[in-house]
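Chemist: The structure that follows is given in the form of structure tokens.
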């Protein structure tokens, strides 16, 4: 196994420490992360104010999860205080996040990553009252995801067809995978209700987008164009990790350890296809229509796939991920892959810290 253009291994703990320090410093006074303040010539379509409520909620949830997973918020100190401020923001604001407009449904990302952060917070809650409040908010996020489920099952983040109450657009493979992961993490919490039929439809939606080599189409709307660049293995490199992991945790036995190892190998050997898109300002302008924001997303879910591998088999992949991420860390301690208002450093750093924290064993 080779790693395209990167050294093997790296100094993991200092990288995590610097990433956590960046997140603490970057947090807004109200406990959130990110803002719409930093713009560029070409900005992501973001109807105000709802799209930015969604972006800020999702990025805040990811940052809270990263601080917790780093282990540096376990003791008294700045990281713990940052988590508590983020918790208060999420509990107050996640219930307010809605669909921005008929065509912009970015809030599904907020609900998904919000659930993951709330699961972490539930584990840390010190009172039954706090746990009950967190369960209430989780169920509210689940309710939103049921409400905004695609007519075909699964979830997308745009509806450019009819703009109906239940979105008429097709599901997007990796969006659906992200939410399935969140559902799986929350389902064992007493009082949380994850509807089985919604999960079943989401799994079926991903499977309709799965190709025999476990590359996945970007969205079901492209099913008639399976060899379109973005649907080929190079275009799926940042999605296959998430989709494979989501299907596996929900019981798909065809996603074997061998399948996961093959796609982890590809992530190392063909990392250039993702890296060429990293930091480009225009979505999907790189080969295979790769967008920059797939980069740290794909590496995070690659680290999640390691959960299924035996210790002796996962170590080379842990070292691969550590080598890639430690080399790409910015001087200020952050990571970012796509210029996205003022949200990109927070979400990129959150993904990287969570990835590195899962590679500590090696």
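In our numbering, the protein residues as written are 1279 to 1640. Beta carbons are placed, not taken as given, at the ideal position from N, Cα and C, and that holds for glycine.
For residue 1594, report the span of its alpha helix (DSSP H) as first-last.
Modeler: Walking along the chain shown from the start, residue 1594 turns up at place 316. Residues 1589 to 1606.
Chemist: In terms of residues, what are the limits of the alpha helix (DSSP H) holding residue 1356?
Modeler: The residue given as residue 1356 occupies position 78 in the chain shown. That run of the alpha helix (DSSP H) goes 1356 to 1371.
Chemist: Using only CA atoms, which one of 1361, 1398 and 1561 lies nearest to residue 1301?
Modeler: Taking the chain shown and counting its residues from 1, the one referred to as residue 1301 is at position 23. Residue 1361 holds the alpha-carbon nearest to the alpha-carbon of residue 1301 among 1361, 1398 and 1561.
Chemist: Residues in the same chain with beta-carbon distance under 6 Å from residue 1459, minus the five sequence neighbours each way, listed in chain order, please.
Modeler: One-based indexing of the chain shown puts residue 1459 at position 181. Here the set comprises 1524.
Chemist: Starting from the Cα of residue 1338, find the closest Cα among 1622, 1634 and 1494 and give me that residue.
Modeler: Position 60 of the chain shown, counted from the start, is the residue given in the question as residue 1338. Per the Cα distances, 1622.
Chemist: Since residue 1533 and residue 1526 are thought to touch, with beta carbons under 8 Å apart, how far apart are those beta carbons, to the nearest angstrom?
Modeler: For this step, residue 1533 is matched to residue 255 along the chain shown. For this step, residue 1526 is matched to residue 248 along the chain shown. Between residue 1526 and residue 1533 the Cβ distance is about 4 Å, and since that is below 8 Å, they are a contact.
Chemist: According to DSSP, is residue 1502 helix, strand or coil?
Modeler: Counting from 1 along the chain shown, the entry for residue 1502 is found at position 224. Secondary structure of residue 1502 (DSSP, three-state): coil.
Chemist: Apart from the five residues just before and just after residue 1241, which ones in its own chain have a Cβ nearer than 6 Å to its Cβ?
Modeler: No answer is possible for residue 1241: it lies beyond the span of the chain, which begins at 1279 and ends at 1640.
Chemist: Give me the Cα-Cα distance between residue 1358 and residue 1569, rounded to the nearest whole angstrom.
Modeler: Here residue 1358 refers to the residue found at position 80 of the chain shown. Here residue 1569 refers to the residue found at position 291 of the chain shown. Taking the straight line joining both Cα atoms gives about 34 Å.
Chemist: Helix, strand or coil for residue 1527, going by three-state DSSP, please let me know.
Modeler: For the purposes of this step, residue 1527 is identified with residue 249 of the chain shown, where counting begins at 1. If DSSP states are grouped into helix, strand and coil, residue 1527 belongs with the helices.
Chemist: Quick check on the DSSP output: the alpha helix (DSSP H) that includes residue 1296 runs from which residue to which?
Modeler: Reading the chain shown from its first residue, position 18 is the one you call residue 1296. Run containing residue 1296: 1290 to 1304, per the alpha helix (DSSP H) assignment.
Chemist: Given this structure, state the Cα-to-Cα distance separating residue 1589 from residue 1636, to the nearest angstrom.
Modeler: Start at 1 with the first residue of the chain shown, and residue 1589 comes out as number 311. Start at 1 with the first residue of the chain shown, and residue 1636 comes out as number 358. For residue 1589 and residue 1636, the distance between alpha carbons rounds to 13 Å.
Chemist: What are the start and end residues of the alpha helix (DSSP H) that includes residue 1623?
Modeler: Walking along the chain shown from the start, residue 1623 turns up at place 345. Unbroken alpha helix (DSSP H) run through residue 1623: 1622 to 1635.
Chemist: Using 7 Å as the threshold, is the C-beta distance between residue 1576 and residue 1536 below it?
Modeler: Against the chain shown, residue 1576 aligns to sequence position 298. Against the chain shown, residue 1536 aligns to sequence position 258. Not closer than 7 Å, so no.
Chemist: Between residue 1617 and the ligand ADP, is there a pair consisting of the residue's CB and a ligand heavy atom that are separated by less than 6 Å?
Modeler: This structure lacks the ligand ADP; in fact it carries no ligand of any kind.
Chemist: Rank 1514, 1377, 1325 and 1464 by C-alpha distance to the C-alpha of residue 1401 and give the top, closest one.
Modeler: Position 123 of the chain shown, counted from the start, is the residue given in the question as residue 1401. When only C-alpha atoms are compared, the closest one is 1464.
Chemist: Among 1364, 1413, 1377 and 1578, whose alpha-carbon lies nearest the alpha-carbon of residue 1468?
Modeler: Here residue 1468 is taken as the residue at index 190 of the chain shown, counted from 1. Nearest of 1364, 1413, 1377 and 1578 to residue 1468, Cα basis: 1413.
Chemist: How about residue 1616 and residue 1571: do their beta carbons lie closer than 7 Å?
Modeler: As a first step, residue 1616 is located in the chain shown; it is residue number 338 there, counting from the start. As a first step, residue 1571 is located in the chain shown; it is residue number 293 there, counting from the start. In contact: residue 1616 and residue 1571 (Cβ atoms closer than 7 Å).
Chemist: My output table needs one value for residue 1488: the three-state DSSP class, helix, strand or coil.
Modeler: Position 210 of the chain shown, counted from the first residue, corresponds to residue 1488. Three-state DSSP puts residue 1488 in a strand.
Chemist: Does the distance from the C-beta atom of residue 1449 to that of residue 1439 stay below 7 Å?
Modeler: What you label residue 1449 is simply residue 171 of the chain shown in a count that begins at 1. What you label residue 1439 is simply residue 161 of the chain shown in a count that begins at 1. For residue 1449 and residue 1439, no; Cβs fall outside 7 Å.
Chemist: Would you identify the three-state DSSP class for residue 1335, choosing helix, strand or coil?
Modeler: The residue you call residue 1335 lines up with position 57 of the chain shown. Reduced to three states, the DSSP call for residue 1335 is helix.
Chemist: What's the call for residue 1626, buried or exposed, on a 16-neighbour Cβ count within 10 Å?
Modeler: In the chain shown, counting from the first residue as 1, residue 1626 sits at position 348. Counting Cβ neighbours within 10 Å, residue 1626 comes out buried, since at least 16 surround it.
Chemist: Could you tell me which residues DSSP pairs with residue 1450 in its beta bridges?
Modeler: Taking the first residue of the chain shown as 1, we reach residue 1450 at position 172. Residue 1450 pairs with 1497.
Chemist: Our contact map puts residue 1320 next to residue 1559 with C-beta atoms below 8 Å; I'd like the distance itself, whole angstroms only.
Modeler: Stepping through the chain shown from its first residue, residue 1320 is reached at position 42. Stepping through the chain shown from its first residue, residue 1559 is reached at position 281. The Cβ separation is near 6 Å, so the contact holds.
Chemist: Cα separation between residue 1345 and residue 1484?
Modeler: Working through the chain shown from its first residue, we reach residue 1345 at position 67. Working through the chain shown from its first residue, we reach residue 1484 at position 206. So the alpha carbons of these two residues sit roughly 30 Å apart.
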